[in-house]
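Remarks on the structure that follows.
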Amino acid sequence: VARSLFVDANNIKEGNEKLLFKLVYCYSKTKYAKSGLNFANEFIERFPNSWSAYYAKILILEKINSKNEVLDFYEYALNQNIEHQYLVPTYIHDCSILASYQRGLETIDKLLKINPFDYMWVYNRACMNFGLNQFQEALNDLEIVIEKQPEITFAFTLKEKIITCLNLNEKD
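If you number the sequence shown the way this note's numbering does, the last residue is 216 and the count never jumps.
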């Protein structure tokens, strides 16, 4: 399947971004993921401003590399173009899984300098602070999110968890 997708992608000179993504995605789901790295690099070369090209490479890297290398590439992609901000949710998710909360926090702080009114990023900063046991900083962010954008309902849930943690710490 991947080989036929590659032939199709090479035969189409323009508008083949979706096809290249499918190709790299197919490789990322097989034991041949390492072979897909060349296609991922070609995808980025053809579409350097496409966040999906970088995400496709991340899928390959997640399959073949250490998680720290994956986080390094996320950060590289985010530094290439602000349009790659669509990668932030998956980057933050990977930071959480790897307990790389400080890295996630630093990236979110950079993004909030660009857009301080993106309350999802403020929520994500609260999540990273929670992971670092910086409960008061997390609560401060959650208060902002709850006040400014209460439809981010999981902010309420995290706030309850933090208050529970603080109450448990007081009993010790």
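Ideal placement from N, C-alpha and C gives every residue a C-beta, glycine not left out.
| request: Closer than 8 Å by C-beta to Val-114: which residues in its own chain qualify, once you throw out the five before and the five after it? Chain order, please. | output: Here residue 114 corresponds to residue number 70 of the sequence shown, with the count starting at 1. Around Val-114: Ile-102, Leu-105, Glu-106 and Asp-138.
| task | Note down the Cα distance separating Ile-196 from Glu-187, rounded to an integer number of angstroms. | result | As a position in the sequence shown, residue 196 is number 152, starting the count at 1. As a position in the sequence shown, residue 187 is number 143, starting the count at 1. Approximately 12 Å between the Cα atoms of the pair.
| query | Taking C-beta to C-beta, are Leu-122 and Phe-87 nearer than 7 Å? | reply | Reading the sequence shown from its first residue, position 78 is the one you call residue 122. Reading the sequence shown from its first residue, position 43 is the one you call residue 87. No; because the gap between Cβ atoms is not below 7 Å, this pair is not in contact.
| Skipping 5 residues on each side, what residues in its chain have a beta carbon closer than 8 Å to that of Leu-176? | Within the sequence shown, numbered from 1, the residue matching residue 176 stands at position 132. If we look at Leu-176 and ignore the five residues flanking it on each side, its Cβ neighbours are Tyr-145, Gln-146 and Leu-149.
| said: I'd like to know whether the C-beta atoms of Ala-77 and Ala-100 end up nearer to each other than 7 Å. | reply: Taking the first residue of the sequence shown as position 1, residue 77 is located at position 33. Taking the first residue of the sequence shown as position 1, residue 100 is located at position 56. It is not a contact, given that the beta carbons lie outside the stated cut-off.
| task | Please report the Cβ distance between Asn-168 and Ile-152, rounded to the nearest whole angstrom; I am assuming they are in contact, meaning their Cβ atoms lie under 8 Å. | result | Start at 1 with the first residue of the sequence shown, and residue 168 comes out as number 124. Start at 1 with the first residue of the sequence shown, and residue 152 comes out as number 108. Indeed, because the Cβ distance is near 5 Å, the residues count as touching under 8 Å.
| Secondary structure at Pro-133, three-state DSSP: helix, strand or coil? | As a position in the sequence shown, residue 133 is number 89, starting the count at 1. Correct three-state label for Pro-133: helix.
| message | Considering only their Cβ atoms, is the gap separating Phe-161 from Leu-210 smaller than 7 Å? | response | Position 166 of the sequence shown, counted from the start, is the residue given in the question as residue 210. Position 117 of the sequence shown, counted from the start, is the residue given in the question as residue 161. Going by C-beta atoms, Leu-210 is not nearer than 7 Å to Phe-161.
| Cβ shell of Phe-174 (< 7 Å), same chain only, five flanking positions each side left out | Position 130 of the sequence shown, counted from the first residue, corresponds to residue 174. Same-chain partners within the cutoff: Ala-182, Leu-202 and Ile-206.
| message | Beta-carbon within less than 6 Å of Val-189's beta-carbon, same chain only, minus the 5 sequence neighbours each way: which residues are those? | response | Here residue 189 is taken as the residue at index 145 of the sequence shown, counted from 1. Counting only Cβ-Cβ distances below 6 Å, and skipping sequence neighbours, we find Tyr-163, Val-166, Tyr-167, Ile-196 and Ala-199.
| request: Just the C-alpha distance for Asn-272 and Pro-194, rounded to the nearest angstrom, thanks. | output: As displayed, the chain neither begins before 45 nor continues past 216, which places residue 272 out of reach and without an answer.
| request: With a floor of 3 residues, list each beta strand (DSSP E) that falls wholly inside the region 70–130, ordered by position along the chain. | output: none
| Which listed residue (Ile-141, Tyr-135, Leu-156 and Gln-124) has its alpha carbon closest to that of Phe-91 | Translated into positions along the sequence shown, residue 91 becomes position 47. Measuring from the Cα of Phe-91, the nearest candidate turns out to be Gln-124.
| query | Skipping 5 residues on each side, what residues in its chain have a beta carbon closer than 7 Å to that of Ile-56? | reply | Numbered from 1 along the sequence shown, position 12 holds the residue referred to as residue 56. Bear in mind that a pLDDT of 49 at Ile-56, under 50, signals an unreliable position, so the model cannot answer this.
| Exposure of Asn-60, with buried meaning 16 or more beta-carbon neighbours within 10 Å | Start at 1 with the first residue of the sequence shown, and residue 60 comes out as number 16. The residue in question, Asn-60, is buried, as its Cβ has 16 or more Cβ neighbours within 10 Å.
| said: Please report the distance separating the alpha-carbon of Tyr-71 from that of Gly-80. | reply: The residue you call residue 71 lines up with position 27 of the sequence shown. The residue you call residue 80 lines up with position 36 of the sequence shown. Approximately 5 Å between the Cα atoms of the pair.
| task | Give me the Cβ distance between Tyr-118 and Tyr-135, rounded to the nearest whole Å; I'm assuming they're in contact under 8 Å. | result | Your numbering for residue 118 matches position 74 in the sequence shown. Your numbering for residue 135 matches position 91 in the sequence shown. The pair is a contact, with the Cβ atoms about 4 Å apart (cut-off 8 Å).
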